[in-house]
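K.L.:
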């Protein structure tokens, strides 16, 4: 990892570290070689500053010629190299008035500090070796966390979970490179015709690097889902119970519900945490049957937005009233979802009576009972399984990989737990919290993919009997790509893009 010890040439930076707005406490942070001298001009201390010891101080507006008192504060010094940034760092905890905090910053600027750029404190922590790049990214993820589980995973990453996961693969790769280079040195002597490192040993060594990295690459789905969440759109005919299910999933009344079809005129969005995954739940206006005109222009606009939500959603919940026949339009909609994550939800099962079975009218254009064979025919082209759950097996899932209807009652709450489980399965989000050190952004995914590609090329060179010199070129390329994951090797452009997403003061 690149390290850059603090030097007199490094700027001393200052920024407000707490969120904008009024609060009980606000923190101004100073970092750099001139932090202590600047603090001495800003503060009247009751005791000298010591490492990691809080001190009471009076903050002076030293930018004012009369040096008037700005506030009373608690000041803590963290001395290099034992600070967040790796250089001298001062934190001034004053009352959280924006006017006071900005005055403290102006006073620091008047004594030679520079206003920090977004993420500059964390960038200095990375450059000084206090954090690797995945840990630095986790700082941003922790700040942006919307759920407790997101925060916990980000904290694991800040503790180096990904670095620890990658370390054995990197060690194996370094060992293989050293072995091949030593073998080349040996072979260049008197024994040119000796195969110092046999191909079988090289193959096994490359495989020992590939296997854990392939598992890491596969973790991207979980990591990205946990970091970014997913969107779920509830679509279907008017009065199918979409808004009622929407409220049930949220566990509060958010959408207006009435017995009248077409109550929802616009998309309604709310956030929901399910299995630790942040979800954006979207209730949509009911989709009218072909030839059934919207009641007015407002409903027409709502239906147009429903189609937009349907197109953009990560998962579609097609809500069908279990007391009604499935129309040709619904079948067409279901068929259009084939190849996309989607679930068929049969709502209002409480209205079917105690002997409820899907062998009534749910999928038939005619309301007659039918057999399993009839069901297969009626579901043909819808993208759904001919699996027929009865009331006794309601909510049960078909064999893995086969979509099956989920039976629910928004009125009684029946089938809601099965629906939640089905949502996580459809999003492939089950087990996301247990996948420690998962990849969670495109930069990380690209680094591992590039590493695996270089390893595959090296393995092909080994199998084809190419010279070790060529194989080493690919192995070194793999090492560079793997190092870019943690930031051991990286470019200023990449660093700029990463840290520019941070807030000022972090």
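In my numbering, the protein residues as written are 2 to 507. Every residue, glycine too, gets a C-beta built ideally from N, C-alpha and C.
Measuring CA to CA, which of 149, 466 and 138 is closest to residue 160?
P.N.:
The residue you call residue 160 lines up with position 159 of the chain shown. The shortest C-alpha separation from residue 160 is found at 138.
K.L.:
Taking residue 152 as the reference, which of 229, 339 and 59 has the closest Cα?
P.N.:
By one-based count along the chain shown, residue 152 stands at place 151. Checked all of 229, 339 and 59; the closest Cα to residue 152 is 229.
K.L.:
Identify, in the order they occur along the chain, each residue of the same chain with its Cβ nearer than 6 Å to the Cβ of residue 413, setting aside the five sequence neighbours on each side.
P.N.:
Counting from 1 along the chain shown, the entry for residue 413 is found at position 412. Excluding residues within five positions, the ones whose Cβ falls inside 6 Å are 351.
K.L.:
Do you know how far the Cα of residue 76 is from the Cα of residue 55?
P.N.:
Along the chain shown, read from residue 1 onward, the residue named residue 55 stands at position 54. Along the chain shown, read from residue 1 onward, the residue named residue 76 stands at position 75. Distance between the alpha carbons of residue 55 and residue 76: 6 Å.
K.L.:
In whole angstroms, what is the alpha-carbon distance linking residue 45 and residue 74?
P.N.:
Taking the first residue of the chain shown as 1, we reach residue 45 at position 44. Taking the first residue of the chain shown as 1, we reach residue 74 at position 73. Cα-Cα distance, rounded: 10 Å.
K.L.:
Which word fits residue 129, buried or exposed, when buried means at least 16 other C-beta atoms lie within 10 angstroms of its C-beta?
P.N.:
On the chain shown, residue 129 is found 128 positions in, with the first residue counted as 1. Buried: at least 16 other Cβ atoms inside 10 Å.
K.L.:
To which residues of the same chain is residue 501 closer than 7 Å at the C-beta, ignoring the five residues directly before and after it?
P.N.:
As a position in the chain shown, residue 501 is number 500, starting the count at 1. Hits under 7 Å: 119 and 120.
K.L.:
Can you tell me the Cα-Cα spacing of residue 222 and residue 61, whole angstroms?
P.N.:
Translated into the one-based positions of the chain shown, residue 222 becomes position 221. Translated into the one-based positions of the chain shown, residue 61 becomes position 60. Roughly 52 Å separates the two Cα atoms.
K.L.:
What is the DSSP secondary structure of residue 29, counted as helix, strand or coil?
P.N.:
Working through the chain shown from its first residue, we reach residue 29 at position 28. Correct three-state label for residue 29: strand.
K.L.:
So the candidates are 504, 447, 465 and 455; which of them puts its Cα closest to the Cα of residue 495?
P.N.:
For this step, residue 495 is matched to residue 494 along the chain shown. Among 504, 447, 465 and 455, the Cα nearest to that of residue 495 is on 447.
K.L.:
Restricting to Cα atoms, I'd like to know which of 348, 428, 233 and 132 is closest to residue 309.
P.N.:
Here residue 309 is taken as the residue at index 308 of the chain shown, counted from 1. Of 348, 428, 233 and 132, the residue nearest in Cα terms is 233.
K.L.:
Residue 513 by DSSP, collapsed to three states: which one?
P.N.:
No answer is possible for residue 513: it lies beyond the span of the chain, which begins at 2 and ends at 507.
K.L.:
With distances taken Cα to Cα, identify the nearest neighbour of residue 37 among 411, 114 and 158.
P.N.:
Here residue 37 corresponds to residue number 36 of the chain shown, with the count starting at 1. Taking only the C-alpha atoms, the option nearest residue 37 is 114.
K.L.:
Under 8 Å, do residue 226 and residue 438 count as touching if we go by C-beta distance?
P.N.:
The residue you call residue 226 lines up with position 225 of the chain shown. The residue you call residue 438 lines up with position 437 of the chain shown. No, the pair does not count as a contact, with Cβ atoms beyond the cut-off.
K.L.:
Using the beta-carbon count (16 or more within 10 Å), is residue 15 buried or exposed?
P.N.:
Position 14 of the chain shown, counting from 1, holds the residue named residue 15. Label assigned to residue 15: buried.
K.L.:
Would the beta-carbon of residue 283 fall within 8 Å of that of residue 235?
P.N.:
What you label residue 283 is simply residue 282 of the chain shown in a count that begins at 1. What you label residue 235 is simply residue 234 of the chain shown in a count that begins at 1. In this structure, residue 235 lies closer than 8 Å to residue 283 by Cβ.
K.L.:
Can you list, in chain order, the residues of its chain whose CB lies under 8 Å from that of residue 428, leaving out five sequence neighbours each side?
P.N.:
Numbered from 1 along the chain shown, position 427 holds the residue referred to as residue 428. Taken in chain order, the residues that qualify are 226, 231, 278, 315, 316 and 342.
K.L.:
Please list, in chain order, all residues of the same chain as residue 215 whose beta carbon is under 8 Å from its beta carbon, the five residues on each side excluded.
P.N.:
If you number the chain shown from 1, residue 215 lands on position 214. Cβ within range, chain order: 453.
K.L.:
Sorted by chain position, which residues of the same chain lie with C-beta nearer than 6 Å to residue 90's C-beta, five sequence neighbours on each side aside?
P.N.:
As a first step, residue 90 is located in the chain shown; it is residue number 89 there, counting from the start. So the qualifying residues of the chain are 32, 79 and 84.
K.L.:
Is residue 48 helix, strand or coil when you go by DSSP?
P.N.:
Your numbering for residue 48 matches position 47 in the chain shown. DSSP places residue 48 in coil when its eight states are reduced to three.
K.L.:
Could you check the C-alpha separation between residue 25 and residue 442 for me, to the nearest Å?
P.N.:
Within the chain shown, numbered from 1, the residue matching residue 25 stands at position 24. Within the chain shown, numbered from 1, the residue matching residue 442 stands at position 441. Rounded to the nearest angstrom, the two C-alpha atoms are 35 Å apart.
K.L.:
Taking the beta carbon of residue 320 as the centre, do at least 16 other beta carbons fall within 10 Å, making it buried, or is it exposed?
P.N.:
Reading the chain shown from its first residue, position 319 is the one you call residue 320. Classification for residue 320: buried.
K.L.:
Quick check on this structure: which residue in 170, 485, 330 and 92 has the alpha carbon closest to the alpha carbon of residue 210?
P.N.:
Numbered from 1 along the chain shown, position 209 holds the residue referred to as residue 210. Looking at the Cα atoms, 170 is the closest of the given residues.
K.L.:
What's the C-alpha gap between residue 503 and residue 158?
P.N.:
Indexing the chain shown from 1 puts residue 503 at position 502. Indexing the chain shown from 1 puts residue 158 at position 157. Each residue's alpha carbon lies about 17 Å from the other.
K.L.:
Can you check the region 50 to 118 for any beta strand (DSSP E) of at least 3 residues that lies completely inside it and give the ranges in chain order?
P.N.:
Segments of the beta strand (DSSP E) lying fully in the region 50 to 118: 55 to 61, 70 to 79 and 90 to 97.
K.L.:
If we cut at 8 Å on Cβ distances, does residue 284 have a partner in chain D?
P.N.:
Judged by its chain identifiers, the structure shown contains no chain D, having just a single protein chain.
K.L.:
DSSP has residue 235 in a bridge; who is on the other side?
P.N.:
In the chain shown, the residue the question calls residue 235 occupies position 234. Answer by DSSP bridge pairing, in chain order: 284 and 318.
K.L.:
Under the three-state reduction of DSSP, which class applies to residue 497: helix, strand or coil?
P.N.:
The count along the chain shown starts at 1 and reaches residue 497 at position 496. Three-state result, residue 497: helix.
K.L.:
Expressed to the nearest angstrom, what Euclidean distance is found between the alpha-carbon atoms of residue 340 and residue 312?
P.N.:
Translated into the one-based positions of the chain shown, residue 340 becomes position 339. Translated into the one-based positions of the chain shown, residue 312 becomes position 311. C-alpha separation (whole angstroms): 13 Å.
K.L.:
Rounded to whole angstroms, what's the CA-CA distance from residue 270 to residue 473? Just pull it up for me.
P.N.:
For the purposes of this step, residue 270 is identified with residue 269 of the chain shown, where counting begins at 1. For the purposes of this step, residue 473 is identified with residue 472 of the chain shown, where counting begins at 1. C-alpha separation (whole angstroms): 53 Å.
K.L.:
From which residue to which residue does the alpha helix (DSSP H) around residue 219 run?
P.N.:
Within the chain shown, residue 219 is the residue found at index 218, counting from 1. Taken as a continuous stretch (DSSP letters only), the alpha helix (DSSP H) holding residue 219 covers 200 to 219.
K.L.:
So which of 126, 42 and 200 has the shortest CA-CA distance to residue 177?
P.N.:
By 1-based counting over the chain shown, the position of residue 177 is 176. Among 126, 42 and 200, the Cα nearest to that of residue 177 belongs to 200.
K.L.:
Check for me: the alpha helix (DSSP H) holding residue 252 runs from which residue to which?
P.N.:
For the purposes of this step, residue 252 is taken as residue 251 along the chain shown, with counting starting at 1. Note, residue 252: premise wrong, no alpha helix (DSSP H); not H, not E.
K.L.:
Can you give the Cα-Cα distance for residue 111 and residue 22, rounded to whole angstroms?
P.N.:
Counting from one through the chain shown, the residue named residue 111 turns up at place 110. Counting from one through the chain shown, the residue named residue 22 turns up at place 21. If you take the alpha carbons of residue 111 and residue 22, they lie about 24 Å apart.
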